[in-house]
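J.:
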Amino acid sequence: MRESDEGRTSGRIVETEAYVPGDAAGHAYVGPTDRNRTLFLRRGHAYVYLSYGIHFCVNVSGATPGVGAGTLLRALEPLEGVPLMQARRGTLRLIDLARGPGRLGQAMAIDRALDGTDLCACGPLWLADAVRPPGKVKASVRIGISKETARLLRFYEQGNPHVSGPGALRR
DNA sequence: AAGAAGATTCGCT
DNA sequence: GCGAATCTTCTTA
Numbered sequence: 005m006r007e008s009d010e011g012r013t014s015g016r017i018v019e020t021e022a023y024v025p026g027d028a029a030g031h032a033y034v035g036p037t038d039r040n041r042t043l044f045l046r047r048g049h050a051y052v053y054l055s056y057g058i059h060f061c062v063n064v065s066g067a068t069p070g071v072g073a074g075t076l077l078r079a080l081e082p083l084e085g086v087p088l089m090q091a092r093r094g095t096l097r098l099i100d101l102a103r104g105p106g107r108l109g110q111a112m113a114i115d116r117a118l119d120g121t122d123l124c125a126c127g128p129l130w131l132a133d134a135v136r137p138p139g140k141v142k143a144s145v146r147i148g149i150s151k152e153t154a155r156l157l158r159f160y161e162q163g164n165p166h167v168s169g170p171g172a173l174r175r
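Numbers in our numbering are just positions in the first sequence, counted from 1, shifted up by 4.
(1) With distances taken between CB atoms, is the gap from Ala143 to Arg158 smaller than 8 Å?
(2) When DSSP labels each residue in this structure, what does Ala143 get in the three-state scheme?
(3) Exposed or buried, Glu161, counting other C-beta atoms within 10 Å across all chains shown (16 or more means buried)?
(4) I need the DSSP call for Asp122, collapsed to helix, strand or coil.
(5) When burial is assigned at 16 or more other CB atoms within 10 Å of the CB, is Pro25 buried or exposed?
(6) Quick one: grab the DSSP three-state call for Arg175.
(7) Grab me the residues of Pro120's own chain with a C-beta within less than 7 Å of its C-beta, minus the 5 sequence neighbours each way, in chain order.
(8) Could you give the residue range of the alpha helix (DSSP H) that holds Val86?
(9) Cβ of Glu19 within 8 Å of Cβ of Val167?
(10) Alpha carbon to alpha carbon, how far is Pro87 from Met5?
(11) Can the beta-carbon of Leu80 be found closer than 8 Å to that of Gly15?
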């Protein structure tokens, strides 16, 4: 759920990737730095980073204070504020609004100002209760990384068209 | 102080 | 399907 000056946008999380402690593919692997310090906050805080110099991606920190771990939000099924997301994304296609971590960030107007936000409190960005029970959740290898590629830490709702990449419409 | 790599996306062939 | 765009952060000299 995202509240901004332009209005509210929200979506249902349909795809995530987990980055656990000791995971060589995770941004927290090298230890706390200026960039990844919010990954070491108590679980439920936002970690926002710039990917490839272009895209803002969002994580939810997932461990106890001082431990680096998080969950990358990879895709949303748009719910509220669809016209606003369409304007931000420059497309009318619902499928293209938040299918992929960079697109998700753009649709929700995520930026570094939201880094470290407590996602369990009232604020500009937070996690709300599910509007609908999830369908069948499937696991797969993570996308776009070069290390720890064997780990099945990507999770998505099977058959949901708003999921990016493999698994969107297949089984 | 400079160079290389990166949890991606978009447009063109 | 493939390659460019783009810039922050970390590593090395």
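From the three backbone atoms N, C-alpha and C, an ideal C-beta is built for every residue, glycine too.
T.: Once the coordinates are examined:
(1) Position 139 of the first sequence holds residue 143. Position 154 of the first sequence holds residue 158. The answer is yes: Cβ separation under 8 Å.
(2) Taking the first residue of the first sequence as position 1, residue 143 is located at position 139. DSSP places Ala143 in strand when its eight states are reduced to three.
(3) Residue numbering aside, residue 161 sits at position 157 when the first sequence is read from its first letter. Per the 10 Å Cβ criterion, buried.
(4) Residue numbering aside, residue 122 sits at position 118 when the first sequence is read from its first letter. DSSP places Asp122 in the strand class (E or B) of the three-state scheme.
(5) Here residue 25 corresponds to residue number 21 of the first sequence, with the count starting at 1. Exposed: under 16 other Cβ atoms inside 10 Å.
(6) Numbered from 1 along the first sequence, position 171 holds the residue referred to as residue 175. Note that Arg175 scores a pLDDT of 45, beneath 50, so its modelled location is shaky; the value from the coordinates is reported in the next line. If DSSP states are grouped into helix, strand and coil, Arg175 belongs with coil.
(7) Here residue 120 corresponds to residue number 116 of the first sequence, with the count starting at 1. The sequence shown places Gly at residue 120, not Pro. Taken in chain order, the residues that qualify are Thr42, Leu45, His49, Ala50.
(8) Translated into the one-based positions of the first sequence, residue 86 becomes position 82. Taken as a continuous stretch (DSSP letters only), the alpha helix (DSSP H) holding Val86 covers 86 to 93.
(9) The residue given as residue 19 occupies position 15 in the first sequence. The residue given as residue 167 occupies position 163 in the first sequence. Yes.
(10) Position 83 of the first sequence holds residue 87. Position 1 of the first sequence holds residue 5. Cα-Cα distance, rounded: 15 Å.
(11) Here residue 80 refers to the residue found at position 76 when the first sequence is read from its first residue. Here residue 15 refers to the residue found at position 11 when the first sequence is read from its first residue. It is a contact, given that the beta carbons lie within the stated cut-off.
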